[in-house]
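Whatever position you read off the sequence shown (first residue = 1), add 648 for our numbering.
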Amino acid sequence: MSNNHIIIIGDTNISITDLDIGIGNENRQKWLKLGMCSFLPEERFYINKLLNWGLFDIWRLMHPFTSNKFSWFDYRSNNFFLNRGLRIDNILITKSLIKYYINSDIEYNIRNLIKPSDHAPIWVNLKII
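Take a look at the structure:
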């Protein structure tokens, strides 16, 4: 796989690390107790299978300590304005693409729309030429 270029990008509904969970400890414990999705052990088990296979969470790799940037916000609770959310939209790439990395981000501007999605777009810029 070392020479293959693979990108998986989109809504995985999984917070890969604890840094990707920004809903507060009380809500986090409640979600775990109720079996709500995003950071259940079985979900993380399967996403980690992809990482162990050779994919990298490029956003986390390049932002290793960021704990306040999320891609999903519960719109019923106005959580976007409270910055209470989850990073559940991910960009996974093979090691062969890391050297082409320019930048990546989670785009909050779209949240200014009248009826925005509960997800903020994620993107990565790779210079492969």
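Every residue, glycine too, gets a C-beta built ideally from N, C-alpha and C.
Taking the straight line between their C-alpha atoms, what separation do you get for Asn726 and His653?
As a first step, residue 726 must be located in the sequence shown, where it is residue number 78. As a first step, residue 653 must be located in the sequence shown, where it is residue number 5. Cα to Cα, the separation comes out at about 39 Å.
Would Tyr756 and Leu774 be called neighbours here (beta carbons separated by less than 8 Å)?
Sequence index remark: in the sequence shown, residue 756 carries index 108 (1-based). Sequence index remark: in the sequence shown, residue 774 carries index 126 (1-based). Against a cut-off of 8 Å, the Cβ pair of Leu774 and Tyr756 comes out as no contact.
Integer-rounded CB distance, given that Arg759 should sit under 8 Å from Phe728:
As a working mapping, residue 728 is identified with position 80 in the sequence shown. As a working mapping, residue 759 is identified with position 111 in the sequence shown. Contact flag correct, Cβ pair sits at about 6 Å.
Arg735 classed as buried or exposed, judged by whether at least 16 other C-beta atoms fall within 10 angstroms
Position 87 of the sequence shown, counted from the start, is the residue given in the question as residue 735. Under this definition Arg735 is a buried residue.
Among residues of its own chain, excluding the 5 on either side of Asp668, which ones have a beta-carbon nearer than 7 Å to its beta-carbon?
Numbered from 1 along the sequence shown, position 20 holds the residue referred to as residue 668. Here the set comprises Leu734 and Arg735.
DSSP state of Asp722 mapped onto helix, strand, coil
Within the sequence shown, residue 722 is the residue found at index 74, counting from 1. Looking at Asp722 - three-state DSSP - the assignment turns out to be coil, as it is neither helix nor strand.
Relative to the C-alpha of Thr660, which candidate in Ser719, Lys681 and Leu680 has its C-alpha closest?
The residue you call residue 660 lines up with position 12 of the sequence shown. Here the closest residue by C-alpha is Ser719.
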